[in-house]
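Residue numbers (our numbering): 66 to 574.
Written out below as structure tokens is the structure these notes cover.
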RNA sequence: GCCCCGUUCGUCUAGUUGGUCCAGGACGCCAGAUUUUCAUUCUGGAAAUCAGGGGUUCAAAUCCCCUACGGGGUACCA
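Here it is as structure tokens:
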């Protein structure tokens, strides 16, 4: 029980969940399940100014859709709650104070404006201002000010923050499960704020305290946290929690398909693919961002695609169910470098998964869609169409564009195809053929009609392609679609002949 | 600027302890086959002098160093 693996996904509710975040959560999930451990959801809402209405609900709904279940956390509960940091607010101050008492942290009274001025000034001199072991003695804090003045300031109720005190000349080292051994010089690090003047902890403090209290054993998170990891390690040591400090794994980022930098919301809009699992309606800007779900992606496809973006099992297998991923996943095989997102491959994954969906399931959905379009047809027909069309679709929503002609008579005939196939005199030939097709008995008409056509074309030394394509053109409106016999079977004698005769009349060459 | 991390086909990547890699797979691309059409499918092809340069070694994509480039961080944001 003591060594039970526990991991967490800890997003901030500042907007919709980015697919990079989804992948981070996925890897956490896979690792937890593989080790029979727990996967928790913690909401890190310590920055009240960035809170966005609905973001938390969005996050929970996203994981429901993706099929990644949390064992503990916001929306579920558990023995280590509450799991929302704003609800844990009273807890953090004592920990910050404990660090002050141990001499590992100090009060700082500099205002945000004063520090901003220092930064702009330094910038003008082409330097960088940093609140650290070299500058802190010349700033306003409990290290530089006399004790009685500090006490007076504190008693006066003036706003203050609590900063971590990095010792000079230490080398902070730790091991990352993905990147190996990492070293950093403490003198180069800045004294990060741990406790803000609004009474809230910063990410750094809250994160370490909660991970410790929630008995987190492995921290799997994005690479953007790597530079602050020495601070986190130092915090564990300062608290005296080093013996059960979690192991760290910093994941590479998902990058833009083109250009430079990490994938952002704008890239999705610009390049036309979703960056979020679900569609998001921004409450402030009213902007709508597309989601994988609404774009027609299957959750399993998204999971599979994301899992393979930066990880593989070393074999040539690319299609993995969630259960298989749980079995085969390993942190050691995660690549170290960022991966550019490839929307073509995402599409391919969806195609693979769509083919595995039962025709019946697709047909039911499609049947509903057709009803909504005001098309009356039988379920039987829809089922036939689906089994004929499915493999040419990457998304269920492509069903319509690939099979509309089964339900709607062609309004016009594709110009290019017409020019190529419908020559002078074709109408006359088609008229003759139509006459014969009318005379074929209804029973098993499609098969008999095809047999007749083959026979007729041969006997009259006609061009096969020419005749069949003209028939197709008449029925479909273009030279596309599945086998003509299949189309004839689905549509039946009356409809086929109606369309043929209409075409002959309309084209009339 | 400073700090950290990275660098194999256009893209995602294989390449665990250096030799069997003149580098394998997948997506995409091109061609052929099948489908008398389109799409699917199948077969084949082009595509990385392993970022560049130095070492070490009989032998390096694989080890070491340097440079370049890319990414991240540098907030009382996470």
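Positions of the beta carbon are idealized from the N, C-alpha and C atoms, including for glycine.
Could you pull the start and end residues of the beta strand (DSSP E) that residue i belongs to?
| i | result |
| --- | --- |
| residue 286 | 283–287 |
| residue 245 | 245–250 |
| residue 238 | 236–241 |
| residue 368 | Looking at the DSSP string, residue 368 is not in any beta strand (DSSP E); the run it does join, the alpha helix (DSSP H), is 364–373. |
| residue 260 | 258–260 |
| residue 73 | 71–74 |
| residue 103 | 103–106 |
According to the Cβ coordinates, are residue i and residue j closer than 7 Å?
| i | j | result |
| --- | --- | --- |
| residue 239 | residue 198 | no |
| residue 229 | residue 256 | yes |
| residue 470 | residue 356 | no |
| residue 260 | residue 177 | no |
| residue 258 | residue 226 | yes |
| residue 174 | residue 183 | no |
| residue 125 | residue 140 | yes |
| residue 505 | residue 496 | no |
| residue 320 | residue 403 | yes |
| residue 303 | residue 205 | no |
| residue 318 | residue 327 | yes |
| residue 348 | residue 118 | yes |
| residue 627 | residue 503 | Here the chain comprises residues numbered 66 to 574, so residue 627 is not present and cannot be evaluated. |
| residue 459 | residue 415 | yes |
| residue 461 | residue 361 | yes |
| residue 314 | residue 237 | no |
| residue 157 | residue 266 | yes |
| residue 431 | residue 453 | no |
| residue 418 | residue 363 | yes |
Just how far apart, CA to CA, sit residue i and residue j?
| i | j | result |
| --- | --- | --- |
| residue 572 | residue 481 | 14 Å |
| residue 66 | residue 72 | Bear in mind that a pLDDT of 47 at residue 66, under 50, signals an unreliable position, so the model cannot answer this. |
| residue 391 | residue 367 | 15 Å |
| residue 420 | residue 533 | 29 Å |
| residue 486 | residue 492 | 11 Å |
| residue 554 | residue 449 | 10 Å |
| residue 220 | residue 252 | 32 Å |
| residue 472 | residue 442 | 8 Å |
| residue 77 | residue 201 | 31 Å |
| residue 500 | residue 521 | 12 Å |
| residue 566 | residue 483 | 16 Å |
| residue 560 | residue 384 | 42 Å |
| residue 427 | residue 540 | 25 Å |
| residue 281 | residue 451 | 48 Å |
| residue 279 | residue 121 | 20 Å |
| residue 435 | residue 446 | 12 Å |
| residue 570 | residue 466 | 26 Å |
| residue 43 | residue 423 | This structure leaves residue 43 out entirely; the chain is present only between 66 and 574. |
| residue 146 | residue 224 | 29 Å |
| residue 150 | residue 359 | 31 Å |
| residue 580 | residue 129 | As displayed, the chain neither begins before 66 nor continues past 574, which places residue 580 out of reach and without an answer. |
| residue 517 | residue 494 | 14 Å |
| residue 180 | residue 249 | 25 Å |
| residue 235 | residue 293 | 16 Å |
| residue 455 | residue 301 | 55 Å |
If I follow the unbroken alpha helix (DSSP H) through residue i, where does it start and stop?
| i | result |
| --- | --- |
| residue 521 | 510–524 |
| residue 278 | 268–278 |
| residue 94 | 84–99 |
| residue 426 | 424–437 |
| residue 537 | 529–541 |
| residue 376 | It is not in any alpha helix (DSSP H) - residue 376 carries neither H nor E in the DSSP assignment. |
| residue 389 | 387–393 |
| residue 452 | 444–454 |
| residue 123 | 120–131 |
| residue 414 | 408–421 |
| residue 570 | 549–572 |
The ligand GDP heavy atoms versus the CB of residue i: any closer than 6 Å?
| i | result |
| --- | --- |
| residue 519 | As for the ligand GDP, it is missing from this structure, which has no ligand bound. |
* Asked: Taking only runs of the alpha helix (DSSP H) that begin and end inside the region 459–503, which ones reach a length of at least 4 residues, in chain order?
  -> 463–468 and 480–486
* Cβ contact check for the region 388–401 and the region 364–378: 3 or more pairs under 8 Å -> yes
* Please specify which runs of the alpha helix (DSSP H), each continuous and at least 4 residues long, are wholly inside the region 288–312, giving them in chain order. => 294–304
* Cβ contact check for the region 100–111 and the region 129–142: 3 or more pairs under 8 Å -> yes
* Decide yes or no for the touch test of the region 89–103 against the region 276–285: beta carbon pairs closer than 8 Å, at least 3 of them. => yes
* Asked: Which ranges does the alpha helix (DSSP H) cover as unbroken runs of at least 4 residues, wholly within the region 323–367, from first to last along the chain?
  -> 330–336
* Residue ranges of each beta strand (DSSP E) run of no fewer than 3 residues wholly in the region 157–244, ordered along the chain? -> 170–173, 226–229 and 236–241
* Asked: With contact counted as at least three CB pairs below 8 Å, one residue from each stretch, are the region 337–348 and the region 82–89 in contact?
  -> yes
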